[in-house]
Amino acid sequence: MGLQVTEIVVAARDPEAQARFWAGLLGWSVSRGGWSVAAVSAHGLDLPLHFEVREEPKRGLDRTHLDLTSRSPEHQRELVDRALAGGATHLDVGQGPDADHVVLADPEGNEFCVIESWNAFLTGTGAVGALAGSGSRATGVFWSGALGWPLVWDQDDETAVQHPDGGPKITWGGEPVAPKQGPNRLQLTLEVSPGGRLVDEVDRLLQLGGTRADDGPSGARGSGGAVPMCDPDGNELWLRPPHDD
């Protein structure tokens, strides 16, 4: 396929501190270089979390968040306790007292969930089970076509895609789509496969229902020729030239 997901980029006031928090929570390592600080897993199917400085303040709930997996009730409690010790806080988003998952906010207020161990939907996905968001079915179909990943869930307007070899899912919860509160705090970077052409992939995403976002976020990711785009619901993404360019 012509595109591959290379990273989840997270807006941060203090990228160094955020990378340390997430690396400590997930048991990953911190990597520094170029324009960002990253939390990186040794597991090949886990996507690195790259933290970049963004000046805009966080406003309200973000459209997207991370779902973390747990191996047992004890492991779920351990993850929650580790997160709280690192500066996370409990968050009420209407989940109710009987919810099996735990909703938290990281030290900069980014929402994430620690999912119960018996949740079969995220079995085999890795420490980060999903990038989950509010989105229409059209957006799920867009991401399936963009990445060449199958729709592993397509029911009642809820969709999810996943690489055929496993790894984190990208999930969309159907209508109504949450209003935008500025640029998404979590954004995906896609890279053109070796031998491909950036212009061809831009055109393909446009045909799938994406839009160009030339007036969108700027910064270091755009310095290497990356093209800012949006999916059909307006969620930002970055399209990067092949690594061999």
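Residues in the sequence shown are numbered from 1 upward in steps of one, following UniProt numbering.
We treat Cβ as the ideally placed atom computed from N, Cα and C, and that holds for glycine.
Whether residue i touches residue j by CB criterion (8 Å)
i	j	result
glycine 126	aspartate 67	no
histidine 65	glutamate 16	no
glutamate 191	threonine 6	yes
leucine 208	isoleucine 8	no
valine 114	valine 102	yes
tryptophan 28	serine 36	no
residue 249	threonine 139	Only positions 1 to 245 of the chain appear in the structure, and residue 249 is not among them; the question remains open.
alanine 12	glutamate 55	no
glycine 145	valine 177	no
leucine 239	cysteine 230	no
leucine 104	valine 80	yes
proline 73	serine 117	yes
lysine 169	valine 141	no
asparagine 119	asparagine 184	no
aspartate 100	alanine 88	no
glutamine 162	tryptophan 149	yes
glycine 174	aspartate 154	no
leucine 3	leucine 188	no
proline 242	glycine 225	no
glutamate 108	glutamine 18	yes
Local conformation of residue i per DSSP, three classes
i	result
aspartate 154	strand
arginine 204	helix
arginine 197	coil
alanine 146	helix
valine 177	coil
glycine 140	helix
alanine 213	coil
alanine 130	strand
histidine 243	coil
proline 232	coil
Exposure label - residue i; buried when at least 16 CB within 10 Å
i	result
threonine 171	buried
histidine 75	exposed
aspartate 62	buried
aspartate 98	exposed
valine 93	exposed
alanine 39	buried
proline 194	exposed
glycine 166	exposed
glycine 210	buried
glycine 133	buried
proline 228	buried
valine 199	exposed
leucine 131	buried
leucine 25	buried
Beta-bridge partners of residue i, as assigned by DSSP
i	result
alanine 160	Trp153 and Thr171
arginine 185	Looking at the DSSP assignment, arginine 185 forms no beta bridge with any residue, so it has no partner.
leucine 122	Per DSSP, none; premise fails for leucine 122.
Any C-beta of chain B under 8 Å from that of residue i
i	result
arginine 197	Judged by its chain identifiers, the structure shown contains no chain B, having just a single protein chain.
As an exercise, report each continuous alpha helix (DSSP H) stretch of at least 4 residues that is fully enclosed by the UniProt domain "VOC" (4–117), in chain order. 15–26 and 73–85
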